[in-house]
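Undergrad: Residue numbering for the sequence shown follows our numbering, starting at 40 and increasing by one per position. Ideal Cβ positions, reconstructed from N, Cα and C, are used throughout, including at glycine.
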Amino acid sequence: MTKILIVDDEESILAPLEEMLSGEGYRVRAFDNPVKALELLRTQEFDLAIFDIKMPEMNGYELLGASRAIRPDLPVIFLSSKQEEQDQIIGFTLGADDFVGKPFSKHLLLFRIKSVLKRHMPNIVPTLKPIEVSDLVIDRERHLVKWRDEEVSLTVTECMLLISLAERPGAVKKRDQLMDAAYDGSVHVSDRTIDSHIRNIRKKFSEVDEKTDLIGTVQGLGYKLKV
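#1: Would you check if the segment 108-123 and the segment 76-93 touch, i.e. whether three or more CB-CB distances between them fall below 8 Å?
#2: Does L260 pass the burial test, meaning 16 or more other C-beta atoms within 10 Å, or should it be called exposed?
#3: Applying the criterion that 16 or more other CB atoms from any shown protein chain within 10 Å of the CB defines a buried residue, is P95 buried or exposed?
#4: So does the segment 179-195 actually touch the segment 209-217, counting three or more Cβ pairs closer than 8 Å?
#5: Tell me whether the segment 242-249 and the segment 133-150 touch, counting them as touching only if at least three CB pairs, one residue from each stretch, are closer than 8 Å.
#6: Judging by CA-CA distance, which residue of V211, L204 and A105 is the nearest neighbour of A221?
#7: Which residue from D136, T132 and A105 puts its Cα closest to that of T117?
#8: Starting from the C-beta of L60, find all residues in its chain whose C-beta is less than 7 Å away, skip the five residues before and the five after it, and write them out in chain order.
#9: With distance defined between alpha-carbon atoms, name the residue in D174, L175, G134 and K141 nearest to V155.
#10: Decide if V257 is buried, meaning its Cβ has at least 16 other Cβ atoms within 10 Å, or exposed.
#11: Report back the beta-carbon spacing between A69 and I92 to the nearest angstrom; my notes put them in contact at under 8 Å.
#12: Closest by CA to T196, which one among V266, G104, D126 and S144?
#13: In three-state terms, what does DSSP make of F117?
#14: How many Å lie between K168 and Y65 at the Cα?
#15: My understanding is that K263 touches K212, with C-beta atoms under 8 Å, so please give their C-beta distance in whole angstroms.
#16: Output the distance between the C-alpha atoms of F138 and G104, rounded to the nearest integer angstrom.
#17: Going by Cα to Cα distance, which pick from E63, P55 and N98 is closest to V74?
#18: Check D91 in the structure and name its three-state DSSP category.
#19: From the DSSP output, in three-state form, read off T41 for me.
#20: Helix, strand or coil for T82 per DSSP?
#21: Would you report the Cα separation of E101 and D252, rounded to the nearest angstrom?
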């Protein structure tokens, strides 16, 4: 089982990220304290680390240097609210493998994780589990969507929006949540853009099955998957 070390002092990021990656089949250890994470790194092997940059006691750049002194080949992804180009240049110069900004699309992060692991351990990369809800099947690796065994041709953005809705069928997703799911933290789009994508998804499903009523609108809030 692939082992991932996460270090982030924000509990609102740390706990959901640990839960998400565990649900994807990774073995995860999560810390809000960089010093404690380093102590574990001295005794245990990890296949990948995800570090926040802005942390007390030790920032992510310092943690990367200390980690590489212990495990020189450890792949590291920076996860941070910092968006400036200079911050990314510093991270890559220090040897980071990737950089994902907050707020982030968790699906984008999963693909980034998979990409980094593939470069470092190409024969051991786990696949992303398909999402199956009633007659809806989403193959996240290939961005392949099927409804009642018929393929529905969606763009990557449309697929990411549908994945976000399908994760919790019946739960209302606000437009800003859908925005975060479909775009990385450096891209901002309007509510109308999200509405347009939803209309396109509905249209494409109706072309496959005209009776399909997959996505519901909750006035003033957002959208939900109805199956």
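TA: The answer reads as follows:
#1: Touching, yes, given that three or more Cβ pairs across the two stretches are closer than 8 Å.
#2: As a position in the sequence shown, residue 260 is number 221, starting the count at 1. With fewer than 16 other Cβ atoms within 10 Å, it is exposed.
#3: For the purposes of this step, residue 95 is taken as the residue at position 56 of the sequence shown. Classification for P95: exposed.
#4: no
#5: no
#6: The sequence position of residue 221 within the sequence shown is 182, counting from 1. Minimum Cα distance to A221 is reached at L204.
#7: Counted from its first residue, the sequence shown places residue 117 at position 78. Correcting the residue type first, residue 117 is Phe in the shown sequence and not Thr. Among D136, T132 and A105, the Cα nearest to that of F117 belongs to D136.
#8: In the sequence shown, the residue the question calls residue 60 occupies position 21. I43 and V67, listed in sequence order.
#9: Looking up residue 155 in the sequence shown gives position 116. Closest in C-alpha terms to V155, from the list D174, L175, G134 and K141, comes G134.
#10: As a first step, residue 257 must be located in the sequence shown, where it is residue number 218. The residue in question, V257, is exposed, as its Cβ has fewer than 16 Cβ neighbours within 10 Å.
#11: Residue numbering aside, residue 69 sits at position 30 when the sequence shown is read from its first letter. Residue numbering aside, residue 92 sits at position 53 when the sequence shown is read from its first letter. The Cβ separation is near 17 Å, so there is no contact.
#12: Taking the first residue of the sequence shown as 1, we reach residue 196 at position 157. When each option's Cα is compared against that of T196, the closest is S144.
#13: To locate residue 117, count along the sequence shown from 1; it is residue 78. The answer is strand: DSSP assigns F117 an E or B state.
#14: Against the sequence shown, residue 168 aligns to sequence position 129. Against the sequence shown, residue 65 aligns to sequence position 26. Approximately 12 Å, taken between the alpha carbons.
#15: What you label residue 263 is simply residue 224 of the sequence shown in a count that begins at 1. What you label residue 212 is simply residue 173 of the sequence shown in a count that begins at 1. So it is a contact: roughly 7 Å between Cβ atoms.
#16: Counting from one through the sequence shown, the residue named residue 138 turns up at place 99. Counting from one through the sequence shown, the residue named residue 104 turns up at place 65. C-alpha separation (whole angstroms): 16 Å.
#17: Taking the first residue of the sequence shown as position 1, residue 74 is located at position 35. Checking every option, the nearest Cα to that of V74 belongs to N98.
#18: Taking the first residue of the sequence shown as position 1, residue 91 is located at position 52. Strand, per DSSP.
#19: The residue you call residue 41 lines up with position 2 of the sequence shown. Reduced to three states, the DSSP call for T41 is coil.
#20: Within the sequence shown, the letter at position 43 stands for residue 82. DSSP places T82 in the coil class of the three-state scheme, outside both helix and strand.
#21: One-based indexing of the sequence shown puts residue 101 at position 62. One-based indexing of the sequence shown puts residue 252 at position 213. In a straight line, the C-alpha of E101 is about 51 Å away from that of D252.
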